[in-house]
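Each remark here refers to the structure printed beneath this line.
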Amino acid sequence: MNTTLETFHPVGARISLSTPDELERREEIHRNNLLLHEAVIKNDTETVRRILKEPVDVNSRNNKNYTLLICAAKNNKLEIVNYLLDTLEDIRVDCGDVEGQTALHHAAVGGHLEVVKKLLDVGATVDKRNKDQRTPLHVACEKGHVEVAKLVLAHEANLEARDAEGNTPLHLAAQQQQTEIVQLLLDQGSDPDAENSKGFTPQHIACSLGSKGILDSLLQHGSSINKPNKAGNTALHLACQSNEIDTVEILISKGADLNALNARLQSPIHIAAEMGRTEICRLLLASGANIEQREQGGRTPLYIAARGSFTAIVDMIIKTARLDYLPHEQTNKPIKKENEGGGLKPVLSVRKKLRNPSRDDGRKWNSERLKDVIFKLAYKQLQPGDWKKLAYHWAFTEEHVRAIEHQYTGDSPSSYKEHGFRMLLIWTHGLAPDANPIKELYDSLIAIDKRSVADALRRKLDLENEERQRGKKKTCSGCNVT
Numbered sequence: 002m003n004t005t006l007e008t009f010h011p012v013g014a015r016i017s018l019s020t021p022d023e024l025e026r027r028e029e030i031h032r033n034n035l036l037l038h039e040a041v042i043k044n045d046t047e048t049v050r051r052i053l054k055e056p057v058d059v060n061s062r063n064n065k066n067y068t069l070l071i072c073a074a075k076n077n078k079l080e081i082v083n084y085l086l087d088t089l090e091d092i093r094v095d096c097g098d099v100e101g102q103t104a105l106h107h108a109a110v111g112g113h114l115e116v117v118k119k120l121l122d123v124g125a126t127v128d129k130r131n132k133d134q135r136t137p138l139h140v141a142c143e144k145g146h147v148e149v150a151k152l153v154l155a156h157e158a159n160l161e162a163r164d165a166e167g168n169t170p171l172h173l174a175a176q177q178q179q180t181e182i183v184q185l186l187l188d189q190g191s192d193p194d195a196e197n198s199k200g201f202t203p204q205h206i207a208c209s210l211g212s213k214g215i216l217d218s219l220l221q222h223g224s225s226i227n228k229p230n231k232a233g234n235t236a237l238h239l240a241c242q243s244n245e246i247d248t249v250e251i252l253i254s255k256g257a258d259l260n261a262l263n264a265r266l267q268s269p270i271h272i273a274a275e276m277g278r279t280e281i282c283r284l285l286l287a288s289g290a291n292i293e294q295r296e297q298g299g300r301t302p303l304y305i306a307a308r309g310s311f312t313a314i315v316d317m318i319i320k321t322a323r324l325d326y327l328p329h330e331q332t333n334k335p336i337k338k339e340n341e342g343g344g345l346k347p348v349l350s351v352r353k354k355l356r357n358p359s360r361d362d363g364r365k366w367n368s369e370r371l372k373d374v375i376f377k378l379a380y381k382q383l384q385p386g387d388w389k390k391l392a393y394h395w396a397f398t399e400e401h402v403r404a405i406e407h408q409y410t411g412d413s414p415s416s417y418k419e420h421g422f423r424m425l426l427i428w429t430h431g432l433a434p435d436a437n438p439i440k441e442l443y444d445s446l447i448a449i450d451k452r453s454v455a456d457a458l459r460r461k462l463d464l465e466n467e468e469r470q471r472g473k474k475k476t477c478s479g480c481n482v483t
């Protein structure tokens, strides 16, 4: 019997109107669908079986656009999943929700192993994509569900499937720090150097997050340690950026290029200096990072650190620069002025002092006593400009002096005292172990026409040594001018 009446719109468009019987039937189906979805969520198998004997749409969707099968798979209702798949012939296994997630995606996300197995057994598409172009393997790896990942891989899931951003399952596992999944994927042959749309490899991601175990697995499977992303950043750049100190140390020990340049001509130490990463700067400097390299704007790491007011890094770089070159007192050649070109003899091996400082390096003076001497010199005896004269006498460069002077000490006219004290501390760091610092300081003061200050220093130290002798205390050999 015909259940519909046909009529025409006044302008001639043909439409169809349902009969009362048809409308009632549709309402019944709708009510049954609602009850069926509710029964699935409650895991009420008996109610599901009863309602399925009534008029229903087995592929109907709820307000989240989930089908019955998606609801059951998402909520790990294995008995209902089995009943639906074993009983209903026209159920659509690969039907997706608004995000394109199929029942298999949802089961993989939840780690519902037995549901995943059932879906695969009845022919669910193993590499079905959601709206983000992710497969069930992507989502299982992202969530760290090892057994589910193994199962879909056994059904020949694509190891190198790319999502909308070019990420493979290995990228997502690294991003979520799923160490066991990473190892599984690598053992299955996943490409450790696969690049996503931004040129990031799994190693780049692991180093950005400080995932040392994942980094180790990637390197063992042949991942390139110096591969850049599209911005030119290597894993070492990214570890410096994220302040992952242990990761930086591992990369250095594995031979990462300390002086690799990104698209802005920045080396890792440029980034570390810019972001105030003091400990990372210490590691890079101790390992031989180039402190003369200029980035795209012509700025050295020292200039960048000074602009950021990272005084510890500024001092560290200047100390390194002075350790890299023999002080002029130890050479037979006169110091060249900065604008005359050339340079002093490099002594790179002494950088190790930054990395492994000795508590007892054989120096002849008491470090605290010397610090007290130079503090009084800087704050009570030197006049404005004197500290710069000493600095230039000791072969500090113009850039070194400007970097020290950049430190903000307020509007006080006595800020030169703090600058002078910092410079003197840096100078003591570069002295030879067998040097007599007081003798060198005395001679240097005379060299810059500060004899009166030098003589006052000598008299004060001689007097203090006499008092120490009277008190039967050991005289500090490094606190004598002679």
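Numbering (the working numbering), first residue to last: 2 to 483.
By construction, the Cβ of each residue, glycine as well, lies at the ideal position given by its N, Cα and C atoms.
Straight-line Cα distance separating residue j from residue i
i, j, result
"glycine 111", "lysine 75", "7 Å"
"serine 288", "histidine 407", "27 Å"
"alanine 232", "leucine 303", "23 Å"
"asparagine 83", "lysine 119", "7 Å"
"valine 99", "arginine 135", "14 Å"
"arginine 471", "leucine 462", "14 Å"
"glycine 256", "glutamate 399", "33 Å"
"leucine 114", "histidine 146", "9 Å"
"cysteine 142", "leucine 121", "17 Å"
"methionine 1", "isoleucine 314", "No answer is possible for residue 1: the residues shown for the chain start at 2 and end at 483."
"leucine 69", "valine 49", "10 Å"
"arginine 283", "asparagine 227", "21 Å"
"serine 61", "leucine 79", "19 Å"
"alanine 433", "aspartate 456", "24 Å"
"histidine 107", "asparagine 131", "11 Å"
"alanine 322", "valine 140", "50 Å"
"glutamate 148", "asparagine 66", "28 Å"
"aspartate 192", "alanine 290", "31 Å"
"arginine 452", "leucine 446", "6 Å"
"glycine 101", "serine 310", "51 Å"
"arginine 459", "aspartate 450", "15 Å"
Close-in-space but distant-in-sequence residues of the same chain around residue i (CB under 7 Å, 5 per side omitted)
i, result
"asparagine 197", "Glu166, Gly167, Asn168 and His172"
"lysine 144", "Val110 and Gly112"
"glutamine 184", "Ser218"
"isoleucine 206", "His172, Ala175 and Gln176"
"isoleucine 305", "His271, Ala274 and Glu275"
"glutamine 179", "Cys142 and Gly145"
"valine 123", "Leu86 and Val94"
"asparagine 230", "Lys199, Gly200, Phe201 and His205"
Beta-carbon separation (whole angstroms), residue i vs residue j, contact threshold 8 Å
i, j, result
"cysteine 1", "alanine 174", "What the structure shows of the chain is the stretch from 2 to 483, and residue 1 is not part of that stretch, so it cannot be assessed."
"histidine 401", "alanine 448", "About 18 Å; that fails the 8 Å criterion."
"alanine 125", "isoleucine 71", "Actually they do not touch by this definition, with Cβ atoms about 12 Å apart."
"histidine 494", "asparagine 260", "No answer is possible for residue 494: it lies beyond the span of the chain, which begins at 2 and ends at 483."
"alanine 162", "leucine 186", "Not confirmed; about 12 Å, so no contact."
"glycine 431", "leucine 324", "6 Å"
"aspartate 164", "aspartate 194", "The pair is not a contact, with the Cβ atoms about 18 Å apart (cut-off 8 Å)."
Own chain residues within Cβ distance below 6 Å of residue i, not counting five before or after
i, result
"valine 127", "Val153, His156 and Ala158"
"lysine 151", "none"
"leucine 89", "Val59"
"leucine 266", "Glu296 and Gln297"
Contacting residues, own chain, Cβ-Cβ under 8 Å from residue i (five flanking each side not counted)
i, result
"histidine 420", "Trp388, Ile405, Glu406, Gln408 and Thr410"
"isoleucine 539", "The requested residue 539 does not occur in the structure, where the chain is confined to residues 2 to 483."
"methionine 317", "Thr279, Cys282, Arg283, Leu286 and Leu355"
"serine 243", "Cys208, Ser209, Leu210 and Gly211"
Within 9 Å, strictly: CB atoms of residue i and residue j
i, j, result
"serine 224", "threonine 202", "yes"
"valine 454", "leucine 371", "no"
"arginine 300", "arginine 308", "yes"
"leucine 285", "isoleucine 319", "no"
"lysine 440", "alanine 379", "no"
"glycine 211", "glutamate 245", "yes"
"isoleucine 81", "threonine 46", "yes"
"valine 116", "asparagine 77", "yes"
Beta carbon proximity, residue i to chain B, threshold 9 Å
i, result
"leucine 120", "Judged by its chain identifiers, the structure shown contains no chain B, having just a single protein chain."
Enumerated in chain order, which unbroken segments of the alpha helix (DSSP H) with a length of 4 residues or greater are wholly contained in the stretch 39-84?
46-52 and 69-75
In chain order, which continuous runs of the alpha helix (DSSP H) of length 4 or greater are located wholly inside the stretch 224-282?
236-242, 246-254 and 269-275
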